[in-house]
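Q:
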Amino acid sequence: MIKKLFMFILLIGALFITVGIISAGGNIKKFLEEFSSDDDFVYGEKIGSEEVLAIDVDLQSANLVIHQYDKAGYKVDYYESEYNTKNVTYDDGKLYIKNEVKPRLKWFKFNMNSRTLNTINLYIPEGFNGFANIQTLSGNVTIDSFNFDKLVIDVTSGNIKVSNLDVLTDTKLTTTSGNISVSTLKTTSLEVKATSGKLNLSQIETEAELKITTTSGDIQLNDSKTPSLVARASSGNIHIIDVDTDSIKASLSSGNAKIKVFGYIEDYQIDAETSSGNVYFQGRKINGSIISTKGPKILKVNCSSGNIRID
Numbered sequence: 001m002i003k004k005l006f007m008f009i010l011l012i013g014a015l016f017i018t019v020g021i022i023s024a025g026g027n028i029k030k031f032l033e034e035f036s037s038d039d040d041f042v043y044g045e046k047i048g049s050e051e052v053l054a055i056d057v058d059l060q061s062a063n064l065v066i067h068q069y070d071k072a073g074y075k076v077d078y079y080e081s082e083y084n085t086k087n088v089t090y091d092d093g094k095l096y097i098k099n100e101v102k103p104r105l106k107w108f109k110f111n112m113n114s115r116t117l118n119t120i121n122l123y124i125p126e127g128f129n130g131f132a133n134i135q136t137l138s139g140n141v142t143i144d145s146f147n148f149d150k151l152v153i154d155v156t157s158g159n160i161k162v163s164n165l166d167v168l169t170d171t172k173l174t175t176t177s178g179n180i181s182v183s184t185l186k187t188t189s190l191e192v193k194a195t196s197g198k199l200n201l202s203q204i205e206t207e208a209e210l211k212i213t214t215t216s217g218d219i220q221l222n223d224s225k226t227p228s229l230v231a232r233a234s235s236g237n238i239h240i241i242d243v244d245t246d247s248i249k250a251s252l253s254s255g256n257a258k259i260k261v262f263g264y265i266e267d268y269q270i271d272a273e274t275s276s277g278n279v280y281f282q283g284r285k286i287n288g289s290i291i292s293t294k295g296p297k298i299l300k301v302n303c304s305s306g307n308i309r310i311d
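Numbering-wise (the UniProt record's numbering), the sequence shown opens with residue 1 and increments by one.
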C-alpha cells in the first residue's frame, strides 16, 4: 500500500514538471527560474518638472506612499521586474501611475517580496491641492500631510492609512479586505466603507454627513465634529466617543455599541433598542430599550444582537 502511494506521488510530481516545461515553451532553464526565490527587480524612477494638477493611480500589486517633495514637479521611484512593471506618464497636468503583474508558474512557491520592492513612492510638492484617484487590487495606501480638491481611494486587498489631510470637497475611502485608519482630516463629506476590516477614525471634521459602514469589522470614531453621523456594522462593534454632532444613527446586526456623547446627555432625543441584549444608560441596566424625547439632537441606536452603552 505504501509503495503504491509513493508511486502515485511520483507520478503526480512528474506530471506537474511535464506540464510546467510545456508551459515554459520547452525551455527548462525558464521553468527552473520560476522556482527561484529572487526576482530580478531593478530600481527605477521618473522625475518631471511639470506641475501636477491631478493624480490617477491604478495598481495591481503594489503599495503606494505619497511624500512631500521639496522641489517643483514630481518624482516617482519604484522597483520593477520583467513580471512586475511600473508605468509613469504625464499628460496635460495629470500624473498617471500604473502597475501590471504578469502571471508566473509558481505552483510550489509563494514568493513574498520585501516591502521596499513592493512600494511605489510618489513625491509631490506640499502645495498640491488637486484631485487624487487611487485604485489598487493588492497593496496598502499611505498619505500624510497633504491638501486635495477631492480624494478617492479604493483598495481591494490592503490597508488605507491617511492623516493630516485637508480635502476641499468629497473624500471616499473603500476597501474590500483591509483596515482603514484616518486621523486629523477636514473635508466637506466623508464616506468610509469596508467589507471586511476595522475602521479607526479620529479628529475628523466634515461639513456634510459622515457615513461609516462595515460588513465585518469594528468601527471606532473619536474626537470628531460633523453635522450628521451614520454608522453601520453587520458583524462588529461600534464605538463613538466625543463626537460633536446634531445626529447620531448607529445600527448593528451582531455586535456591541458604545456611545459617549459630546456635551450634555440632556441635549439628545434618545432611541436605543436591542432585540437580544441589554441597554446600559449612564451605568444603569435597562432591559430592551430606552426612549427619551428631551433635547434637540438625535441619538438612535438599533441592535439585533448585542449590548448598547450610552454615557
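C-beta atoms are modelled at their ideal positions from N, C-alpha and C, and glycine is treated no differently.
What you are looking at is a predicted structure, and each value in this text was computed from that prediction instead of being measured.
From this set, 215, 203, 71, 173, which residue's C-alpha is nearest residue 154's C-alpha?
A: Looking at the Cα atoms, 173 is the closest of the given residues.
Q: With DSSP as the reference, label residue 266 as helix, strand or coil.
A: If DSSP states are grouped into helix, strand and coil, residue 266 belongs with the helices.
Q: Figure out for me which residue from 247, 139, 304, 71 has the closest Cα to the Cα of residue 99.
A: Among 247, 139, 304, 71, the Cα nearest to that of residue 99 is on 139.
Q: Which residue from 294, 47, 273 puts its Cα closest to that of residue 74?
A: Taking only the C-alpha atoms, the option nearest residue 74 is 47.
Q: Given residue 33, which residues of its chain have a CB within under 8 Å of its CB, disregarding the five upstream and five downstream residues?
A: Below a pLDDT of 50, predicted positions are generally treated as unreliable, and residue 33, at 48, falls in that range; the measurement from the model is reported next regardless. Cβ neighbours of residue 33 beyond the five flanking positions: none.
Q: Could you give the distance in angstroms between the alpha-carbon of residue 252 and the alpha-carbon of residue 241?
A: Each residue's alpha carbon lies about 17 Å from the other.
Q: Whole angstroms is fine: what's the gap from residue 133's alpha carbon to residue 258's?
A: So the alpha carbons of these two residues sit roughly 34 Å apart.
Q: Confirm the yes/no value for this check: CB of residue 47, any heavy atom of the ligand FMN, distance under 8 Å.
A: This structure lacks the ligand FMN; in fact it carries no ligand of any kind.
Q: Residue range of the beta strand (DSSP E) that residue 48 falls in?
A: It spans 42 to 48 - the beta strand (DSSP E) in which residue 48 sits, taken as one unbroken run.
Q: Which of the three DSSP states, helix, strand or coil, is assigned to residue 62?
A: Here residue 62 sits in coil by DSSP.
Q: First and last residue of the beta strand (DSSP E) that includes residue 205?
A: Here the beta strand (DSSP E) through residue 205 covers 199 to 206.
Q: Residue ranges of each beta strand (DSSP E) run of no fewer than 3 residues wholly in the segment 119 to 182, ordered along the chain?
A: With a minimum length of 3 residues, the continuous beta strand (DSSP E) runs that stay inside the segment 119 to 182 are 119 to 125, 131 to 138, 141 to 148, 150 to 157, 160 to 177.
Q: Would you mind reading off the limits of the beta strand (DSSP E) that contains residue 209?
A: Premise fails: residue 209 is in no beta strand (DSSP E) and is neither H nor E.
Q: Do you know offhand how far residue 103's Cα is from residue 81's?
A: The straight-line gap from Cα to Cα measures roughly 12 Å.
Q: Can you find the residues in the same chain that come closer than 6 Å, C-beta to C-beta, to residue 124, ignoring five residues on each side of it along the sequence?
A: Counting only Cβ-Cβ distances below 6 Å, and skipping sequence neighbours, we find 52, 69, 74.
Q: Assign residue 224 to buried or exposed, taking buried as 16 or more other Cβ atoms, counted over all protein chains shown, within 10 Å of its Cβ.
A: Looking at its Cβ environment, which holds 16 or more other Cβ atoms inside 10 Å, residue 224 is buried.
Q: If distances are taken between C-alpha atoms only, which option among 279, 297, 137, 303 comes closest to residue 231?
A: Closest by alpha carbon: 303.
Q: Can you check whether the CB of residue 164 is closer than 9 Å to the CB of residue 144?
A: Yes.
Q: Determine the extent of the beta strand (DSSP E) in which residue 53 is found, giving its start and end residues.
A: Residue 53 -> no beta strand (DSSP E), and no H or E assigned at all.
Q: For residue 167, is the classification buried or exposed, using 16 other Cβ atoms within 10 angstroms of its Cβ as the cut-off for buried?
A: With 16 or more Cβ atoms within 10 Å of its Cβ, residue 167 is classed as buried.
Q: Along the beta strand (DSSP E) that carries residue 250, what are the first and last residues, could you check?
A: Residues 247 to 254.
Q: Near residue 87, which residues of its chain fall below 6 Å by C-beta distance, leaving aside the five closest residues on each side in sequence?
A: The answer, listed in chain order, is 98.
Q: Could you name the residues that DSSP lists as bridge partners for residue 115?
A: DSSP, once it has assigned bridges, lists no residue as partnering residue 115.
Q: Taking buried to mean at least 16 other C-beta atoms within 10 Å of its own C-beta, is residue 175 buried or exposed?
A: Per the 10 Å Cβ criterion, buried.
Q: Thinking C-beta only, is residue 273 closer than 9 Å to residue 301?
A: It is a contact, given that the beta carbons lie within the stated cut-off.
Q: Assuming contact is defined by CB atoms lying nearer than 9 Å, are residue 194 and residue 204 in contact in what I supplied?
A: No, Cβ-Cβ distance for residue 194 and residue 204 is not below 9 Å.
Q: Do residue 169 and residue 191 come within 9 Å of each other at the CB atom, strictly closer than that value?
A: Cβ atoms of residue 191 and residue 169: not closer than 9 Å.
Q: Below 9 Å between beta carbons: does that hold for residue 270 and residue 281?
A: For residue 270 and residue 281, yes; Cβs fall inside 9 Å.
Q: Pick out whichever of 128, 299, 207 has its Cα sitting closest to the Cα of residue 260.
A: Nearest of 128, 299, 207 to residue 260, Cα basis: 299.
Q: Which class does residue 187 belong to by DSSP, given the choice of helix, strand or coil?
A: Three-state result, residue 187: strand.
Q: How close, in whole Å, do the beta carbons of residue 235 and residue 255 come, if the pair is a contact with beta carbons under 8 Å?
A: About 6 Å; that satisfies the 8 Å criterion.
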